[in-house]
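Engineer: So the sequence shown is numbered by my numbering: it starts at 855 and just counts up by one.
The beta carbon of each residue, even a glycine, is placed where N, CA and C say it ideally should be.
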Amino acid sequence: MNRSATRPAEPRDLIGEPVDRLPTPSVLVDLPTLRRNIGEMAAYARSLGVALRPHWKTSKCAEVAALQIEAGAVGLTAATAGEVAALAAAGFGDVFWAFPPVGAPRVETAISAAKSLRLIVGADSAASVADLGEAAIAAGTAIDIRLEVDTGLGRTGVAPDRAVRVAREIAATPGLRLEGVFTHEGQVQGVGADAARRTATGLAAGRLVADVAEEIRNDGMPLSSVSVGSTAGARSAPTVAGITEARPGTYVYGDENQVAIGTVEPENTAITVLSRVISVERGEPVLVDAGIKAMSSDGSLHGDGRIGTVASAHGGVLATGHEEHGFLRGSAGLRVGDTVRIRPNHACGLSNMHSHVVAVEDGVVVDVWRVLGRH
Ligand SMILES: Cc1ncc(COP(=O)(O)O)c(C=O)c1O
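(1) Name all residues in chain order for which at least one heavy atom of ligand 1 lies closer than 5 angstroms to the residue's CB.
(2) Does the distance from the CB of ILE997 to the CB of ALA968 come in under 8 angstroms?
(3) With DSSP run on the structure shown, which of helix, strand or coil describes SER1081?
(4) Nearest to ALA1095 by CA position, among ASP1143, ARG1101, VAL1082 and GLU988, is which residue?
(5) Enumerate, from N- to C-terminal direction, the unbroken beta strand (DSSP E) stretches of 3 or more residues contained entirely within the segment 970–1005.
(6) Could you tell me whether the segment 1034–1053 touches the segment 999–1014, using the rule of 3 or more Cβ pairs below 8 angstroms?
(7) Considering GLY1175, what are the terminal residues of the alpha helix (DSSP H) in which it resides?
(8) I'd like the list of long-range same chain contacts for ASN1111, defined as Cβ closer than 6 angstroms, with 5 residues on each side in sequence excluded.
(9) Do you know how far the Cα of LEU1062 is from the Cα of LEU1007?
(10) Excluding the five sequence neighbours on either side, which residues of its own chain have a C-beta within less than 7 angstroms of the C-beta of ALA989, listed in chain order?
(11) Three or more C-beta pairs under 8 angstroms: does that hold for the segment 872–883 against the segment 1212–1221?
(12) Taking ALA977 as the reference, which of ALA984, ARG1000 and CYS1202 has the closest Cα?
(13) DSSP state of GLY1180, grouped into three classes?
(14) If you count every other CB in all the chains shown that lies within 10 Å of the CB of ASP1152, and 16 or more means buried, which is it?
(15) By DSSP, does ALA1025 sit in helix, in strand, or in coil?
(16) Among the candidates VAL873, MET895, ASP874 and PRO879, whose CA atom is the shortest distance from the CA of THR850?
(17) What residue ranges within the segment 900–978 form continuous beta strand (DSSP E) runs of no fewer than 3 residues, ordered along the chain?
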């Protein structure tokens, strides 16, 4: 069998070539936009005097993390054991794992990662870190723990009025050190397009976690960090007195859901899916090769069920999709073989669907980055 004849073009072979030569669907990351997003958030955090620790689940690319650190981020935030292991393997030195270390595989990952990097682990109860404490003692080490406080999202996180009690329990657990408190103010995104309400919600979350930190300190437990984190709340929560760190993630790429609520401008969205028109036989919709497996099935904050939004001049939306077929509505003048760029609803969900992304500049392929630590 002649393998070279049957093998589709590898993106790496196309470095230096025009973007339209890429196989489709391909995830494109526009480098100038990415650099601008990274630089602006870093400058903003600096202006507030808070440390920036971007959530890496958005890109899962070592190259993006390196740009964030280069721009001044103190470290990175991770959600999964795969992400923590990938960051350790790539040589990053400071990671906050914002997820309860429950189950032996997570405990093993934490103990192993803590050997090569500074690790902080998030938790909302003593029960969730009991095994980690024991493993730390067995390994002759101690692990820093950040107590998660629920400031309104209603996910993980201790209720504020129970925080001192749980902080005491964690601080008293051998093998663990209480390092700080954190919250993910995802409820700010849930507010939607009302900018004033978003600001009020973000400020309230910041104040609540800062107040909880004060109560814990007044109870005799020193804390180094009081950390907030989200893209929709990035302009409000970290501005509160007492907040020491911000952990936005999505900002690095932007996505259509942030555009929908007005927290990212369309031109600041660095990530799109390059897709090709495969059929215009039906007139409307036009069929493209980006379906659910290319876009992810993350919901749209536009509320109309779309799976993507056309970013190129043709306009329109990816109204729905099958696995490999996308149904484009409202696009003008498309012919079979034309390429369109589509903004995903949710950048972080999109990254996890793909093994690599293609870095582009001025319509030319400049690099191919692996997406690490996928499920
Ligand atoms: C714990 C934590 N911190 C920070 C973030 C970053 O939020 P965003 O993606 O809105 O920037 C997330 C997002 O899910 C999160 O779960």
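Structural biologist: Taking the structure as given:
(1) For ligand 1, the residues with a Cβ under 5 angstroms from any of its heavy atoms are, in chain order, HIS909, ALA952, HIS1038, GLY1083, SER1084, THR1085, ARG1101, PRO1102, GLY1103 and THR1104.
(2) The residue labelled residue 997 in the question sits at position 143 within the sequence shown. The residue labelled residue 968 in the question sits at position 114 within the sequence shown. Going by C-beta atoms, ILE997 is nearer than 8 angstroms to ALA968.
(3) Along the sequence shown, one-based indexing puts residue 1081 at 227. In the structure shown, SER1081 adopts extended strand secondary structure according to DSSP, grouped into three states.
(4) Within the sequence shown, residue 1095 is the residue found at index 241, counting from 1. Out of ASP1143, ARG1101, VAL1082 and GLU988, the CA that lies nearest to the CA of ALA1095 is found in VAL1082.
(5) 972–977 and 997–1002, all fully within the segment 970–1005.
(6) Cβ pair count under 8 angstroms is three or more, so yes.
(7) In the sequence shown, residue 1175 corresponds to position 321, counting from 1. Membership of GLY1175 in any alpha helix (DSSP H) is not indicated; the residue belongs instead to the beta strand (DSSP E) covering 1171–1175.
(8) In the sequence shown, counting from the first residue as 1, residue 1111 sits at position 257. Short of 6 angstroms from the beta carbon of ASN1111, and not among the five residues preceding or following it, lie these beta carbons of its own chain, in chain order: LEU1155, ASN1199 and HIS1200.
(9) Position 153 of the sequence shown, counted from the first residue, corresponds to residue 1007. Position 208 of the sequence shown, counted from the first residue, corresponds to residue 1062. C-alpha separation (whole angstroms): 12 angstroms.
(10) Walking along the sequence shown from the start, residue 989 turns up at place 135. For ALA989, where only same-chain residues beyond five positions count, the Cβ hits under 7 angstroms are VAL961 and ILE965.
(11) Using a C-beta cut-off of 8 angstroms, the segment 872–883 makes contact with the segment 1212–1221, since at least three inter-stretch Cβ pairs fall below that distance.
(12) One-based indexing of the sequence shown puts residue 977 at position 123. Among ALA984, ARG1000 and CYS1202, the Cα nearest to that of ALA977 is on ARG1000.
(13) Stepping through the sequence shown from its first residue, residue 1180 is reached at position 326. In this structure, GLY1180 counts as strand in the three-state DSSP scheme.
(14) Position 298 of the sequence shown, counted from the start, is the residue given in the question as residue 1152. Per the 10 Å Cβ criterion, buried.
(15) Taking the first residue of the sequence shown as position 1, residue 1025 is located at position 171. Collapsing the DSSP output to three states places ALA1025 in a helix.
(16) Only positions 855 to 1229 of the chain appear in this structure, which leaves residue 850 out of reach.
(17) The segment 900–978 contains these whole beta strand (DSSP E) runs: 930–932, 948–951 and 972–977.
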